[in-house]
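J.: Pasting a structure below so you can have a look.
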Amino acid sequence: MVLEKVDAAVLAERDRIATRARSELAAAGLPVVVPGLDKIVSSGVEVSVCAFDDCSGVKVTWWCSPRLWWSANQAVDFERPDMPLIQHHRTVVEAMTPAIRTILVSAGFEVFDSQSNRAPRSIDLLSAPEAQIPPVWWLRDDELDG
């Protein structure tokens, strides 16, 4: 099976949705992972764009601190499922995912839980508010009058 890349217009729209999502999540006070930053030095919300037609297009994932992520993975690798840190890591991710979803829905995004086996606790973005609609946190001139 050969993966096909989406055309330039679709990719541009996915980039727009991702940029808008990063802005809304940062405005809410969440740390946002810089695209391309290595996971070993990053934590927070990652908003990634897929350039292929077999994916949802824009995926949002919560990354715990590198220390917590690494420790939990080490415990799994050493077959220590009874270690509390594995459950703690899972709890943190499971708490953050619905919070992120709620923020994005409030900001006008259409979201759904990822169907990907590779990222089961991620959120997929279907759409964002139109480009001409200002972000919800943007103060308009008419709000200053009166």
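Under numbering that gives the first Met the number 0, the letters of the sequence shown match residues 0 to 145, in that order.
Idealized CB from N, CA, C, for every residue including glycine.
Tell me which residue opens and which closes the beta strand (DSSP E) that Trp136 is part of.
T.: By 1-based counting over the sequence shown, the position of residue 136 is 137. Trp136 -> no beta strand (DSSP E), and no H or E assigned at all.
J.: Pull up the CB-CB distance for Pro30 and Gly43, whole angstroms please, since I reckon it's below 8 Å.
T.: The residue labelled residue 30 in the question sits at position 31 within the sequence shown. The residue labelled residue 43 in the question sits at position 44 within the sequence shown. With 8 Å as the limit, Pro30 and Gly43 qualify as a contact, their Cβ atoms being about 3 Å apart.
J.: Under 7 Å Cβ to Cβ from Ser121, same chain only, skipping five residues before and after it: list those, please.
T.: Locating residue 121 in the sequence shown gives position 122, where the first residue counts as 1. So the list reads Lys58, Val59, Thr60, Ser113 and Ser115, once near-sequence residues are dropped.
J.: Who are the Cβ neighbours of Ser55 in its own chain at under 6 Å, not counting the five residues just before and after it?
T.: Here the question's residue 55 lines up with position 56 in the sequence shown. If we look at Ser55 and ignore the five residues flanking it on each side, its Cβ neighbours are Asp123.
J.: Between the alpha carbons of Val1 and Val9, how many angstroms are there, rounded?
T.: Your numbering for residue 1 matches position 2 in the sequence shown. Your numbering for residue 9 matches position 10 in the sequence shown. The alpha-carbon atoms of Val1 and Val9 are separated by roughly 19 Å.
J.: So for Ser55, helix, strand or coil by DSSP?
T.: By one-based count along the sequence shown, residue 55 stands at place 56. Ser55 falls in the coil class under three-state DSSP.
J.: Tell me which same chain residues have a C-beta within less than 6 Å of the C-beta of Pro128, skipping the five on either side of it?
T.: By one-based count along the sequence shown, residue 128 stands at place 129. Result list for Pro128: Gly107, in chain order.
J.: Entirely within the stretch 70 to 111 and at least 4 residues each: give me those alpha helix (DSSP H) ranges in chain order.
T.: Counting whole runs of 4 or more residues, the stretch 70 to 111 contains the alpha helix (DSSP H) stretches 83 to 105.
J.: Just to confirm the assignment, what range does the beta strand (DSSP E) spanning Val46 have?
T.: As a first step, residue 46 must be located in the sequence shown, where it is residue number 47. Counting along the chain, the beta strand (DSSP E) containing Val46 begins and ends at Gly43 to Val48.
J.: Taking DSSP as the reference, what is the three-state secondary structure of Ser22?
T.: Mapped onto the sequence shown, residue 22 falls at position 23. Correct three-state label for Ser22: helix.
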